[in-house]
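A short worksheet on the structure shown next.
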Amino acid sequence: MLNLFHQFLWAFVDVKRVLNLPFDEPTAWLIATVMLLLILASAAGKLLDGTSEQRLNTAIVRSFNQRIRSWWLMSAVLIAGLFIGEHGTVVLFGLIGFWALREFITMTPTRRSDHRTLFWVLVVFTPLQFFLVAIQGELFLIAIPIYASLFIPARIAMANDAKRFLERSAKIQIGLLICVYALSFAPAILYLDLGSNKQPNVEIDAPVTIESAANEAAQRTSWSHVKDSDGNDINRNKGLLFFFVLITQLNDVLQYAWGKLLGKNIIAPRINTSRTWEGVIGGAATSALLGALFSWVTPFLFWQAAIMAIVISFMGFAGGMTMSAIKRDRGVKDYGTLVQGHAGILDRIDSLCFAAPVFYHLTKVFFAI
Amino acid sequence: MQLTSTLLVATAKIISGYTIRWVDCLPDTCQRIYFANHTSHLDALVLWASLPREIRELTRPVAAKDYWEKGWLRRHIAKTFNALLIDRNEVKVHQSPIDLMIREMKDCYSLIIFPEGRRNPAEEMIKFKSGLFYLAKKRPDLELVPVYLDNMSRVLPRGEILPVPLLSHITIGAPIWLEKGETKHQFLDRARTAIINLKDC
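These protein sequence lines map, in sequence, to chains L and C. Going by this note's numbering, the first sequence opens with residue 1277, and the numbers climb by one from there. Going by this note's numbering, the second sequence opens with residue 776, and the numbers climb by one from there.
Dropping the structure here:
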């Protein structure tokens, strides 16, 4: 597919050399595709907004437009991340996780005596987790599930208030686990050193010299790091992270669309009336197709990318269901409407949070070198 | 001065993540008394910071002198947001706080007051002090605007020093005035209900 594009690409490649973009060519193409899709979607949203009164459900159009707005924001974050480097991306995800946890705790009733525990969770553990991701140790895997999970009940106990102790501990732990810990696996993808079954990419390989020929054996095995024509290191995992976020978000929409089109069998009517088996299966199938279609930006073969997309799809569904259950329990529909005027970040990233750890680990187990 | 004021607004926004909603009331520079429920030391700062800039510059929070004159930082903050400090311990007949407020309002300033008189951690608001009534009586031209501050008690509850940066919400409702023949008790009750009604709208 890339070779096909390549015929038309000469002008673009020249521009890329002049600008010295901090990502490789497949990533550049992926971004271009996403931008085009977003522009088309925005135009469609504007059009629908005009005609919605008569023919379409206004609420659906509004939520569609809201979604597009948050996608613009999300791509802006990701693209900004491509330019400011891996650590910058981690910081941006850290801010998203912080905001999500803020929404989560705002919605969850806590007692006055939880105040200092909440301070620790929001002001200490949240930044610490993303710091641990950035320094690339193993500690980020256990900091929250072990240390924070033990710390939280102990700190609550010290506050001298036994009322609903277990419930309060669990609420804070689950919030930290989903909004911060799980989400932090997304930027952690950037630090993996991945290999690939694919042939090394011809366009990006440095010109063959004696020195590079000597390094070739080592070079060939690493998919993640390549050198551009000027010898600068390029991290191709940025493209993989983009792929992951893209599939997660598209899957959300696909599940919803399939559910609206064919949905009959609602999975759990008391939790969420718009999630149907038809939606889940249709979403997984189309996501697999899209995953295979975009496999050129990943270290996966097309069938591996399809399987990854199916896993993302099911995990995304699990995330959406879990968050729906929490919202239903609290009697709110969206985190966004909970506090008027807020964007409701948690509504958008619930699927991302659930899919990130699984995607990270599958990639690590099967592709890391 | 401008820098610290910008800094204060930014800090208030980061710590309390407030959003503001005007219900049946529009931002205006006319002279108003914003009266709100009081649960946190941050209330005055956050409500002040959330107002549009041209209104903020003409709005003075009424605050307790004993708290805001303690230490360099608090004094500086109080000066930045142009707080009108009231001595709670020395309320004299010839120097009543109401007269002081009316004098300090001149013909341009609006005030932010907390008629409960002290921070109240409970869900239910306590009975209002009579200050609001006397203000309304002496200056019947003022718009009395009810404000409901939501979730501030969780951001910085009574007795805590470090704030937890949760999300809070400010609802500003339709102004009320003292009706003809209304007693003090009736009026204060109505004012209190005006805030309570904002909770659910």
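Backbone N, C-alpha and C fix where the C-beta goes; we use that ideal spot for every residue, glycine too. Keep in mind the model is a prediction, meaning the values are calculated, not measured.
Rounded to the nearest angstrom, the gap between the Cα atoms of Phe-1406 (chain L) and Phe-1518 (chain L) is 18 Å. Apart from the 5 residues on each side of it in sequence, Met-876 (chain C) sits with its Cβ closer than 7 Å to the Cβ of Val-837, Leu-859, Leu-886, Leu-910 in its chain, given in chain order. The segment 791–810 of chain C and the segment 842–854 of chain C do not touch, with fewer than 3 CB-CB distances between them shorter than 8 Å.
Nearest neighbour of Asn-972 (chain C) by Cα position, chosen from C:Glu-918, C:Leu-783, C:Val-798, turns out to be C:Val-798. Counting only runs of 4+ residues, the alpha helix (DSSP H) found wholly inside the segment 779–843 of chain C occupies 818–825, 828–831, 840–843, in chain order. Within a 10 Å sphere around the beta-carbon of Lys-1447 (chain L) sit 16 or more other beta-carbons, which makes this residue buried.
Contact between Gly-1364 (chain L) and Gly-1357 (chain L) holds, since their C-beta atoms are separated by about 6 Å, short of 8 Å. For Leu-1459 (chain L), there are no neighbours in chain C by C-beta distance under 9 Å, as the nearest C-beta there is about 17 Å away.
For the set L:Ile-1583, L:Leu-1466, L:Phe-1416, the Cα lying nearest the Cα of Leu-1453 (chain L) is the one of L:Phe-1416.
A Cβ-Cβ separation of about 5 Å places Lys-1514 (chain L) in contact with Phe-1299 (chain L) under the 8 Å criterion.
Taking the Cβ atoms as the reference, Leu-941 (chain C) lies roughly 16 Å from Arg-933 (chain C), outside the contact range of under 8 Å.
Contact note: Phe-1395 (chain L) reaches chain C through Leu-937, Val-939, using a C-beta cutoff of 7 Å and chain order.
In this structure, Tyr-1457 (chain L) sits away from Pro-1403 (chain L), with a CB-CB distance that is not shorter than 8 Å. Put simply, the segment 1583–1600 of chain L does not touch the segment 1309–1321 of chain L. Fewer than three CB pairs are less than 8 Å apart.
When the beta-carbon positions are compared, Ile-1381 (chain L) and Leu-1394 (chain L) come within less than 8 Å of each other. When secondary structure is reduced to three states using DSSP, Val-920 (chain C) falls in the strand class. Along the segment 796–816 of chain C, the positions whose C-beta sits under 7 Å from a C-beta of chain L are Arg-796, read in chain order. Under the 8 Å criterion on CB atoms, Leu-1398 (chain L) is classed as interfacial with respect to chain C. The CB of Pro-896 (chain C) comes closer than 8 Å to the CB of Arg-1388 in chain L, given here in chain order. For Arg-967 (chain C), the closest alpha carbon among the candidates C:His-813, C:Arg-796, C:Arg-807 is that of C:His-813. Looking from the CA of Thr-1386 (chain L), the closest CA among C:Asn-926, C:Ile-947, C:Ile-873 belongs to C:Asn-926. At a Cβ-Cβ threshold of 8 Å, Gly-1592 (chain L) and Phe-1630 (chain L) count as neighbours. Ile-1418 (chain L) is bridged by DSSP to nothing; it lacks a bridge partner. For Ala-1446 (chain L), DSSP assigns no beta-bridge partner whatsoever. Taking the beta carbon of His-1391 (chain L) as reference, the chain C residues within 8 Å of it are Arg-929, Pro-932, Glu-935, Val-939, listed in sequence order. Per DSSP, the beta-bridge partners of Asp-925 (chain C) are C:His-944. Following the DSSP letters along the chain, one finds Asn-1511 (chain L) inside the beta strand (DSSP E) bounded by residues 1509–1511.
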